[in-house]
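The next block holds one structure in the form of structure tokens; read it before the comments.
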Amino acid sequence: QPLRKFASRSPLAAPPRGRWLGGQAMAAGGAVVEEGVGGAMTMEGEQALLQRLQELLAQTPYLGYRAAHASLQAEETFKGVGLKRIQKLLREFRESPEVATSVGARSEAPDGGAEEVVAPVESELTITRPDTSSKFGMLIDSGTGARGGHAVTEVRPGGVVEAWNNQTPEQAIRKGDVLVCINGETTFDGMMAQFREKLEAHIRIRRAAGQGAEKPALVEDHLEAAKEKAAWESRRARVTAALIPGLKQIVEKEFGGGAGERIGRVEAMYQRIGRNEVFESDDASGKRYAPGFIEDLTPVLPFHRTQDYPWCAELRCEWKAIREELRNSLDDFLWTPGAYAASNEAYGKDWKIMAVLSKDTWQDEARFKVTSNVIKNLKGIKPFEAFFARMPAHTNIMPHSDNLSYILTSHLALELEEGACSIRVGNEEKYWKEGEVLVLDTTYVHSTKNESSRPRYVLVLRFWHPGLTEEERRAIHLSHAILAGASK
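Terminal number for the sequence shown in our numbering: 572, no gaps in between.
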């Protein structure tokens, strides 16, 4: 999705994923269940759909998503369910036992007659470690599953759990298993405390009935996807071709004769996008990935020297005042999923932001008076976006790129447990320190982790790369607005 980061609704973005549910769905008992606001399915409708998919997979384990969709379209109950929704659910059945068991698995009754619901299997095991310096090496989801408990999100190499898995493969703990309780503790915080403090973990675990043997891989029919891809790539090429002449005209009018010829790097970027070309590199500093790539911007480093940006010192001087303003705004309703989190699963469902500057507009200046004024008064920077970012305890953000070489990112660390929260950009890792600023090039593949028992808060300030000319910055800024408007 080359233009996702600056025009998530543009005609150049990837084809729409489809609505969660169109029209109506009918619950298992036969009553009509209306779809929720924004296309979301009601709980009853969701359960009915999951139950029916479970039945279809039991009959045909290698069922493709188009075949599953065709079967459902033949049933009055599920006529409104979209193809993309079925594709997504089938993948979730494959990857997450908790999804597959949220409505219970089905099996044939002993007498060969009516089906009966088979509950997911729960078992108990005990894992010990020699001392607290030996990590269990298992991450769990802070959210509660459909039947309670917390799903395992990762088993880390070199940990006690991995050693247990190697020694007792028949009782191995795997990603997707659900921890019901640990030493009697059922809450996320309680379980994490047991992992930190105890040498012995008595674990009650839930997994899908029959889980253990590998499930057959889903066979996908890519014909529909291929048609969609061809259509949107053709549209993207036409839009990018039409965009450049318009940008040149506007830049010429604003900056004078000849200005249009000085945006050659911007023109080259959109020509590459029109051809579906992505800039990629991999060297000693790490991997870079940038669909939105302007040539010859320097320095090419994962982390930039803050000394090269004098405004970093100005920002650092105000960090305690900014943190105090943050502390007065910790109510959950103020925090929203990141703008791109929905299309980039790397961020995780619990990563939240609170906007200060977004879409060229200062947000809630009464609430963020100090922060807004500090950013406005910074010298030598042209802000693009600013927001507070909250990363929950014991979570990580998976490796990803932010796609745009002409936007740099800075982090002002506000509140965190030092030594337990870090960001890896390319092949270099740094730990945040409260009151310190990092400047990074997020076209390098980067990831973060919070291994502490409390949230990590930073102020994220994204800004235009100082290597851009005024004409180039204006042309790119205009292109954002044009593309976003064209999609409405």
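Glycine is no exception: its CB is placed at the ideal position from the N, C-alpha and C atoms. None of these values were measured; they are calculated from a predicted model.
Which of the three DSSP states is assigned to residue i in this structure?
i: E118; result: For E118, the predicted model reports a pLDDT of 36, less than 50, meaning its position is unreliable; a value from the coordinates is still stated below. In this structure, E118 counts as strand in the three-state DSSP scheme.
i: G123; result: Residue confidence for G123 is low, a pLDDT of 45 falling below 50, so the modelled location carries little weight and cannot support an answer.
i: E351; result: helix
i: I224; result: strand
i: V236; result: strand
i: E469; result: strand
i: R474; result: strand
i: F553; result: The sequence as given places Thr at residue 553; Phe does not occur at that position. Coil, per DSSP.
i: I560; result: helix
i: A301; result: Confidence is the limiting factor: at A301 the pLDDT is only 40, short of 50, which leaves the residue's position unreliable, though a coordinate-based value still follows. It is coil, neither helix nor strand.
i: E499; result: strand
i: T216; result: coil
i: P421; result: strand
i: E130; result: helix
i: S427; result: For S427, the predicted model reports a pLDDT of 43, less than 50, meaning its position is unreliable; a value from the coordinates is still stated below. Here S427 sits in helix by DSSP.
i: K259; result: coil
i: F377; result: coil
i: D415; result: coil
i: G344; result: helix
i: A84; result: Past the boundaries of the shown model lies residue 84; the chain is included only from 85 to 572, so the question cannot be answered.
i: K404; result: helix
i: E409; result: helix
Starting from residue i, follow its DSSP beta bridges and name the residues at the other end.
i: V523; result: H388 and S494
i: F162; result: Answer is none; F162 lacks a bridge partner.
i: H484; result: H530
i: D367; result: G370
i: I266; result: E269 and I287
i: K615; result: The requested residue 615 is not part of the displayed model; the chain covers only 85 to 572.
i: T445; result: S442
Please name the residue, chosen from the options, that lies closest to residue i on a Cα-to-Cα basis.
i: P476; options: A568, N412 and Y541; result: Y541
i: G575; options: F387, H495 and G358; result: Nothing about residue 575 can be read from this structure; the chain reaches only from 85 to 572.
i: R400; options: L567, Y373 and V458; result: V458
i: R320; options: Q355, I347 and V335; result: Q355
i: Q333; options: R346, R411 and G274; result: R346
i: P539; options: V384, A497 and K219; result: A497
i: L209; options: V350, I289, E159 and V362; result: I289
i: E512; options: G519, S531 and S494; result: S531
i: Q135; options: A154, T161, N250 and G148; result: T161
i: L263; options: I224, G242 and T252; result: I224
i: R389; options: L492, E402, L167 and G348; result: L492
i: A450; options: P467, F468 and S413; result: S413
i: H484; options: E499, G510, F471 and S494; result: G510
i: R291; options: S207, G376 and L167; result: S207
i: F220; options: G348, K163, L331 and E535; result: E535
i: H234; options: W248, T271, V244 and L410; result: T271
i: W548; options: E518, G503, L562 and F468; result: F468
i: R258; options: R240, G268 and D273; result: R240
i: E518; options: E238, K172, A504 and E499; result: E499
i: A405; options: E338, G342 and L543; result: L543
i: A325; options: R359, Q157 and G342; result: R359
i: E556; options: G348, K337 and P214; result: G348
i: H495; options: K337, W419 and R546; result: R546
i: E520; options: E402, F452 and D415; result: E402
Go through its chain and collect everything with a Cβ distance to residue i's Cβ below 8 Å, but skip five positions before and after it.
i: R435; result: For the record, residue 435 in the displayed sequence is Trp; it is not Arg. Closer than 8 Å at the Cβ level, and outside the excluded window around W435, lie P421, G422, A425, A473, R474, M475, P476, T479 and I481.
i: L552; result: I378, L381, Y490 and I560
i: Q447; result: A439, V440 and L441
i: T216; result: R280, E281 and L283
i: G330; result: I566
i: S456; result: V440, L441, W446 and E449
i: V245; result: I211, F220, G221, M222, V239 and I257
What are the start and end residues of the beta strand (DSSP E) that includes residue i?
i: W548; result: R540 to W548
i: V205; result: V205 to T212
i: K436; result: K436 to S442
i: G370; result: G370 to A374
i: E284; result: E284 to R291
Over what stretch of residues does the alpha helix (DSSP H) that includes residue i continue unbroken?
i: E398; result: W395 to C401
i: V245; result: V244 to Q251
i: H478; result: Run containing H478: none; DSSP gives neither H nor E here.
i: R150; result: Y149 to Q157
i: T455; result: K453 to K460
Looking only at its own chain, which residues have a Cβ that is under 7 Å from the Cβ of residue i, when we skip the five neighbours before and after it?
i: W395; result: L462, K463, G464 and I465
i: A152; result: L137, L140, I170 and L174
i: K514; result: F387, S506, I507 and L522
i: L385; result: S369 and D525
i: V454; result: A405, I406 and E409
i: G503; result: Y515
Excluding five sequence neighbours on each side, which residues of the same chain lie with their C-beta closer than 6 Å to the C-beta of residue i?
i: R372; result: S365, T527 and Y528
i: L362; result: For the record, residue 362 in the displayed sequence is Val; it is not Leu. Taken in chain order, the residues that qualify are P375.
i: A218; result: As written in the sequence, residue 218 is Ser, which differs from the Ala given in the question. So the qualifying residues of the chain are V244.
i: E398; result: L462
Less than 8 Å between CB atoms is the rule here; does residue i satisfy it with respect to chain C?
i: R240; result: Absent from the structure: chain C. Only one protein chain is present.
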